[in-house]
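One structure is given here, and the rest of the page talks about it.
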């Protein structure tokens, strides 16, 4: 083997975690795909929720004002609209096909309220941890609508690259403060196959939200999440009904995680300080 040769390591599924029906906010019905007792987190990812309903009664109560500190929230809308606002004077609407990457940093209080649109709301929220040196950074937003998300087409496959780059170099607009993320929304036709690169050493998973996809001997069905072992590529094959899924990867932070509701810090003392600061109106 020469110095320029490389060994390809295909990532296989090490765990399949079933999405857990639950509710959050003011009673919004959702499926928790990451962040439950069966799969607490995947460093640097803390939680993944999916909202999917044709009945506005399931979601219209929304998520009234609530605080965050110490991490980032990523809202991915497939269908419907979500209005948001915060105590820093920022507001707007996330439309179907768009993405918002919010850095909560040292503290923010915001709300997310669905806008009824023919009864259909479908989207995800992903929580991404921040390393200790960035937990007290200033809050900020990145927002991109459907027209700003590049779409790559391959035989039998469509890839919306939201963050990071595909193996052909198509690059998404969203960025993280620390984790070098890959976030790709993939649609596969029935029986189609797709090969995609993933940085070795990065935590990676697939979250299936339609149909079924297999990789090696493992298979993941809607609404399950498949944890991927280390390697530098993934091979996906859609089932007979096709498949839609999120491919998510990022650099691990490898720091202690202390969590209390909407606060994610490194130590219990920092959590207590976050609660004190919020109660004192310092967010």
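Numbering (my numbering), first residue to last: 1082 to 1364.
Glycine residues also receive a C-beta, built at the ideal position from the N, C-alpha and C atoms.
DSSP on residue i, reduced to helix/strand/coil?
i, result
"residue 1324", "strand"
"residue 1313", "coil"
"residue 1364", "coil"
"residue 1091", "strand"
"residue 1193", "strand"
"residue 1207", "strand"
"residue 1354", "helix"
"residue 1123", "strand"
"residue 1348", "coil"
"residue 1234", "strand"
Measuring only the C-alpha atoms, how far is residue i from residue j?
i, j, result
"residue 1240", "residue 1233", "5 Å"
"residue 1236", "residue 1302", "22 Å"
"residue 1201", "residue 1100", "20 Å"
"residue 1196", "residue 1089", "46 Å"
"residue 1273", "residue 1220", "41 Å"
"residue 1321", "residue 1152", "38 Å"
"residue 1223", "residue 1181", "6 Å"
"residue 1342", "residue 1148", "9 Å"
"residue 1350", "residue 1337", "13 Å"
"residue 1451", "residue 1218", "It is not possible to answer for residue 1451, since the shown part of the chain is limited to 1082 through 1364."
"residue 1323", "residue 1290", "11 Å"
"residue 1097", "residue 1113", "14 Å"
"residue 1145", "residue 1192", "5 Å"
"residue 1316", "residue 1294", "10 Å"
When you compare each of the options to residue i by their alpha carbons, which one comes out closest?
i, options, result
"residue 1124", "1332, 1203, 1353, 1343", "1332"
"residue 1305", "1292, 1150, 1221", "1292"
"residue 1298", "1318, 1187, 1144, 1205", "1318"
"residue 1242", "1179, 1128, 1209", "1179"
"residue 1194", "1326, 1162, 1281, 1238", "1162"
"residue 1126", "1134, 1117, 1133", "1117"
"residue 1199", "1248, 1140, 1227, 1186", "1140"
"residue 1281", "1360, 1215, 1310", "1310"
"residue 1248", "1156, 1328, 1216, 1167", "1328"
"residue 1115", "1143, 1308, 1296", "1308"
"residue 1275", "1250, 1173, 1314", "1314"
Are the beta-carbon atoms of residue i and residue j separated by less than 7 Å?
i, j, result
"residue 1111", "residue 1130", "yes"
"residue 1206", "residue 1154", "yes"
"residue 1091", "residue 1253", "no"
"residue 1226", "residue 1176", "yes"
"residue 1330", "residue 1279", "yes"
"residue 1361", "residue 1348", "no"
"residue 1352", "residue 1364", "no"
Is there at least one Cβ from chain D nearer than 7 Å to residue i's Cβ?
i, result
"residue 1275", "This model lacks chain D altogether, as it is built from one protein chain only."
Counting beta carbon pairs with one atom in the region 1259 to 1269 and one in the region 1093 to 1108, are three or more of them shorter than 8 Å?
no
Three or more C-beta pairs closer than 8 Å, one from the region 1207 to 1216 and one from the region 1255 to 1263: is that the case here?
yes
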